[in-house]
Amino acid sequence: MPTKNKQEWFETCLGQYLLEREQNYFDKAVADVFGYNAMQIGFPQYDFLRANRMPLQFCAGTEDGAAVLAAPDFLPIETNSIDLVLLPHILEFSSNPHQILREVQRVLMPEGHVIVSGFNPRSLWGVRGLFGLPEDNFPWRGNFIALPRLKDWLTLLDFEITRDRLCCYAPPFSQEKWLKRFTFMEAAGDRWWRFSGGVYFVTAVKRVHGMRVIKPEWKEVRARRRSMAPVAQKIKDAAQQNEPRRAARTKAEEGKN
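Numbered per my numbering, the sequence shown spans residues 198 to 454.
Following this line, the structure appears as structure tokens:
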């Protein structure tokens, strides 16, 4: 995927239409995620972390402008050290998206968040990529991943899906006038055909399942012992009270003999 081609596409009216909606979503999604370290993978020219308040924010990737030059599928990041990871359209343009998700799972702290955006193949955007366009044209050359499949991948890595949403319901027209005519589909899409949006967002939380130590019910045993103690004490007291009577009876029997 040539970087120049991608940057040129985002400068078109369709690219600006997509970028505006993605920036608005990320601004809202990251505002209430707390921690210390936040990482965005790819797209260093766009700051999707700008609304987040973590003290350390950086972009990792292979493009110029990234603070950390690294391949997304082999990150030079310490395990369990990141609180938030953004994956804006990274998986569908990678030859090994599973490895990227495994790396994200590794570097995230327990209860850390990952937010993924991707192109929806079950939409008009996905259909356009199948007809008559050059293979090197962004974004249609990508291997779009269906939303249910992505959720399955995340679940297998012990992520819990906490939120998903779609946007960009207007057909992917290249001319601005046609895009404006179909802006009414944004509000209608969320209500009537939610799963046909051109772009989806998924928020997931890393869960770590610990062992549960099974212990004997010591409290119950102690309670049973305590409940038996008064009964034993009563028997002992009764025995002590009857001891003089037994001694007198024994003496009387000896006198008779």
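Glycine residues also receive a C-beta, built at the ideal position from the N, C-alpha and C atoms. What you are looking at is a predicted structure, and each value in this text was computed from that prediction instead of being measured.
- Taking C-beta atoms as the reference points, Leu253 and Leu283 fail to come closer than 8 Å.
- For the 8 Å CB-CB criterion, Gly232 and Leu298 do not form a contact.
- Assigned with DSSP and collapsed to three states, Tyr243 falls in coil, not helix or strand.
- If only uninterrupted alpha helix (DSSP H) runs of at least 4 residues are considered, those enclosed by the segment 271–348 are 294–304 and 321–325.
- In this structure, DSSP gives Tyr366 a state outside helix and strand, which the three-state scheme calls coil.
- Here the segment 254–261 does not lie against the segment 213–223, with fewer than 3 beta-carbon pairs under 8 Å apart.
- Within the same chain, and ignoring the five residues on either side of Ser393 in sequence, the residues whose Cβ sits closer than 8 Å to its Cβ are Asn317, Arg319, Ser320, Leu321, Leu363, Tyr366 and Gly386.
- Only residues of its own chain outside the window of five on either side were considered, and among them none has a CB closer than 7 Å to the CB of Asp244.
- Straight through space, the alpha carbons of Phe341 and Gly323 are spaced by roughly 7 Å.
- Taking each of Gly309, Pro273 and Lys203 in turn and checking the Cα distance to Ile279, the smallest one comes out for Gly309.
- Taking the Cα of Leu266 as reference, the smallest distance to any Cα among Met306, Asp349, Ile238 and Val396 is reached at Ile238.
- With contacts defined by Cβ atoms closer than 8 Å, Val399 and Val313 form a contacting pair.
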